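Student: Let me begin by handing over the structure; questions about it come next.
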Amino acid sequence: MDFNDTPEEAAFRAEARAWLDQNAVVRAPGKSRAGLLDAESNEVGLLKRSKEWQAKKADAKWACITWPVEFGGRGASSIQNVIFNQEEGRYDVPPSMFGIGQGMLGPTIMAHGTPAQKERYLEPMLRADEVWCQLFSEPAAGSDLAGLRTTAVKDGDSWLIKGQKIWTTGAHYSDWGMIVTRTDPRAAKHAGITYFIVDMKSPGIEIRPIHQINGSKDFNEVFFNDVRVPDENRVGAVNDGWRGAITTLMNERASIGSGSGMGFGVSELLRLARETDWNGRPAIEDPSVRERIADFYWKIKGLEYTGYRTLTALSRGTTPGPENSIGKMIGAPLRQELCAFAMELQGAAGATLDADATWRRGLAQQGWLGSPGLRLAGGTDEILHNILAERVLGLPGEVRVDKDKAFQDIPSGTVR
Ligand SMILES: Cc1cc2nc3c(=O)[nH]c(=O)nc-3n(C[C@H](O)[C@H](O)[C@H](O)COP(=O)(O)OP(=O)(O)OC[C@H]3O[C@@H](n4cnc5c(N)ncnc54)[C@H](O)[C@@H]3O)c2cc1C
Numbered sequence: 000m001d002f003n004d005t006p007e008e009a010a011f012r013a014e015a016r017a018w019l020d021q022n023a024v025v026r027a028p029g030k031s032r033a034g035l036l037d038a039e040s041n042e043v044g045l046l047k048r049s050k051e052w053q054a055k056k057a058d059a060k061w062a063c064i065t066w067p068v069e070f071g072g073r074g075a076s077s078i079q080n081v082i083f084n085q086e087e088g089r090y091d092v093p094p095s096m097f098g099i100g101q102g103m104l105g106p107t108i109m110a111h112g113t114p115a116q117k118e119r120y121l122e123p124m125l126r127a128d129e130v131w132c133q134l135f136s137e138p139a140a141g142s143d144l145a146g147l148r149t150t151a152v153k154d155g156d157s158w159l160i161k162g163q164k165i166w167t168t169g170a171h172y173s174d175w176g177m178i179v180t181r182t183d184p185r186a187a188k189h190a191g192i193t194y195f196i197v198d199m200k201s202p203g204i205e206i207r208p209i210h211q212i213n214g215s216k217d218f219n220e221v222f223f224n225d226v227r228v229p230d231e232n233r234v235g236a237v238n239d240g241w242r243g244a245i246t247t248l249m250n251e252r253a254s255i256g257s258g259s260g261m262g263f264g265v266s267e268l269l270r271l272a273r274e275t276d277w278n279g280r281p282a283i284e285d286p287s288v289r290e291r292i293a294d295f296y297w298k299i300k301g302l303e304y305t306g307y308r309t310l311t312a313l314s315r316g317t318t319p320g321p322e323n324s325i326g327k328m329i330g331a332p333l334r335q336e337l338c339a340f341a342m343e344l345q346g347a348a349g350a351t352l353d354a355d356a357t358w359r360r361g362l363a364q365q366g367w368l369g370s371p372g373l374r375l376a377g378g379t380d381e382i383l384h385n386i387l388a389e390r391v392l393g394l395p396g397e398v399r400v401d402k403d404k405a406f407q408d409i410p411s412g413t414v415r
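Structure follows, in structure tokens:
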């Protein structure tokens with residue numbers, strides 16, 4: 000493990016910092032990344048600021064730096080991307096709302112799209128002139144994505160899409176979506192799937208927000224009622240969409256695994272314990288509080304050092320191993336536990352979401368309410384355990400009785 004930048008990495012860091020210094024303001028200590036709270040009321044403003052910042056980066060070639068030069072990136076390495084993100088994280092800039100498109104769907108178009116699709120879609124995606132959503136999950140197809148039931152039927156030069164997607168982050172402000180559909184129910188479940196680009200303003204699309212426990216409405220149900228999509232929007236061959244879906248999912252896991260930090264971490268917890276009054280004394284003076292904080296501290300340090308192994312692998316140009324998934328598998332439940340303790344520390348106020356009554360406008364409460372989502376998105380805890388068991392420990396695989404059956408013969412509770 001190597002904690003230091005190589006001379007080339009140090010030079011790259013200095014270049015990034017010099018540009019950021021000229022174009023953004025360093026964030027004040029203790030201030031959280033802009034726009035994390037009051038997501039609903041601020042969403043329009045946040046989207047606007049996020050787009051402006053993205054365009055500014057694009058003009059200076061600091062947007063999507065790992066994208067190849069031909070698509071507007073710098074062809075930067077993964078470690079350079081980590082370095083740029085670390086540096087950008089020190090400045091008061093809006094969080095990106097475009098990770099799904101730029102991190103997952105763009106690379107899928109690069110790998111499987113036609114030259115015309117690359118030409119048409121990638122540049123506006125990089126600049127965030129157009130925003131994208133991922134239309135994968137369905138009510139009965141999440142972890143088992145290949146069980147999807149939304150259909151696409153060929154009609155002349157186009158396709159008619161019918162069915163329902165769910166948990167579609169940002170569908171309500173997206174211009175484009177990428178959707179996986181069932182095109183051959185007689186084939187085995189992974190084999191009869193086709194992947195399309197869909198205009199989110201098409202007639203027949205109905206988007207219904209899902210109200211989340213923290214008051215936000217980040218994701219949606221999306222209904223398709225004979226939505227017409229031209230064949231030129233097909234990504235990859237007919238019935239070969241699983242290949243593209245895997246590319247999207249690999250990129251999703253890599254982007255979630257690369258870790259955006261804990262959000263509410265030990266330094267926030269320490270600050271809260273110092274600022275919280277317990278019977279006339281700061282809570283930090285209670286030994287049981289210090290013991291809990293110390294316990295979180297060493298666990299988070301363990302995660303941080305495991306993360307350095309990933310960085311070292313990236314820096315040496317090799318592919319990171321399972322430690323990449325460990326970050327999410329251990330980090331997400333730990334964040335939930337840490338936020339729960341921070342709420343306990345606040346006594347009765349811990350149980351409210353009232354921004355004025357809570358410490359730092361409910362930062363811990365928001366972290367706690369958001370953490371179950373982190374344990375689901377990009378592979379649930381159980382699915383990650385399965386992957387580790389099968390691919391790392393070499394334990395026997397799950398029994399998959401429907402693997403080679405025609406999709407239409409797999410029993411289900413749904414009327415077809
Ligand atoms: C914050 C967030 C954002 C999201 N954004 C999007 C988006 O933009 N687009 C999109 O398409 N989807 C999105 N999703 C959906 C996400 O991909 C799914 O939630 C995820 O794939 C799990 O599927 P599911 O919710 O249907 O749960 P299920 O797959 O139904 O799982 C239910 C439970 O069963 C367990 N389980 C399932 N299979 C197994 C197994 N084989 N072995 C052991 N346990 C198992 C799971 O771990 C879980 O506890 C988002 C989800 C979240 C939380």
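Under numbering that gives the first Met the number 0, the residue at position 405 of the sequence shown is numbered 404, and the numbers go up by one with no gaps.
Built from N, CA and C at the ideal position, the CB exists for glycine as well.
Quick caveat: nothing in here was measured; it's all calculated off a predicted structure.
1) List the residues that DSSP assigns as beta-bridge partners of residue 194.
2) Note the first and the last residue of the continuous beta strand (DSSP E) segment covering residue 133.
3) Do the region 116 to 133 and the region 144 to 160 make contact, defined as three or more Cβ pairs closer than 8 Å?
4) Just to check, is the beta-carbon of residue 133 closer than 7 Å to a non-hydrogen atom of ligand 2?
5) Whole angstroms are fine: how far does the CA of residue 387 sit from the CA of residue 356?
6) Apart from the five residues just before and just after residue 104, which ones in its own chain have a Cβ nearer than 6 Å to its Cβ?
7) Short of 6 Å in beta carbon distance, which residues of its chain neighbour residue 170, apart from the five on each side in sequence? Order them along the chain.
8) Excluding sequence positions up to five away, which residues of its chain have a Cβ less than 7 Å from the Cβ of residue 485?
9) If we ignore side chains and look at the alpha-carbon of each, how far apart do residue 5 and residue 382 end up?
10) Which whole-angstrom value is the C-beta distance of residue 326 and residue 306, which I expect to be below 8 Å?
11) Find the nearest neighbour of residue 93 within the set 60, 123, 378, 50, judged by alpha-carbon distance.
12) I'd like to know whether the C-beta atoms of residue 480 and residue 72 end up nearer to each other than 8 Å.
13) Give the C-beta separation of residue 333 and residue 298 to the nearest angstrom, bearing in mind that I take them to be a contact with Cβ-Cβ under 8 Å.
14) Do residue 330 and residue 362 have their C-beta atoms within less than 8 Å of each other?
15) Does the pairing of the region 206 to 217 with the region 231 to 251 give three or more beta-carbon distances under 8 Å?
16) Is the number of C-beta pairs between the region 235 to 250 and the region 119 to 127 that are closer than 8 Å three or more?
17) Taking 8 Å as the threshold (C-beta atoms), are residue 377 and residue 251 in contact?
18) Please name the residue in 180, 165, 164 whose C-alpha comes closest to that of residue 153.
Tutor: In short:
1) 179, 234
2) 131 to 134
3) Verdict: no, contact absent.
4) Questions concerning ligand 2 fall outside what the structure shown contains, since the ligands it does hold are ligand 1.
5) 43 Å
6) So the list reads 131, 177, once near-sequence residues are dropped.
7) 132, 206, 219, 221
8) The structure shown does not extend to residue 485, since the chain is modelled only from 0 through 415, so no value can be given for it.
9) 36 Å
10) About 6 Å; that satisfies the 8 Å criterion.
11) Of the candidates 60, 123, 378, 50, the one whose C-alpha sits nearest the C-alpha of residue 93 is 50.
12) Outside the modelled stretch of the chain, which goes from 0 to 415, sits residue 480, for which no answer is possible.
13) 6 Å
14) Their beta carbons are not under 8 Å apart, which means residue 330 does not touch residue 362 by this criterion.
15) no
16) no
17) Against a cut-off of 8 Å, the Cβ pair of residue 377 and residue 251 comes out as a contact.
18) 180
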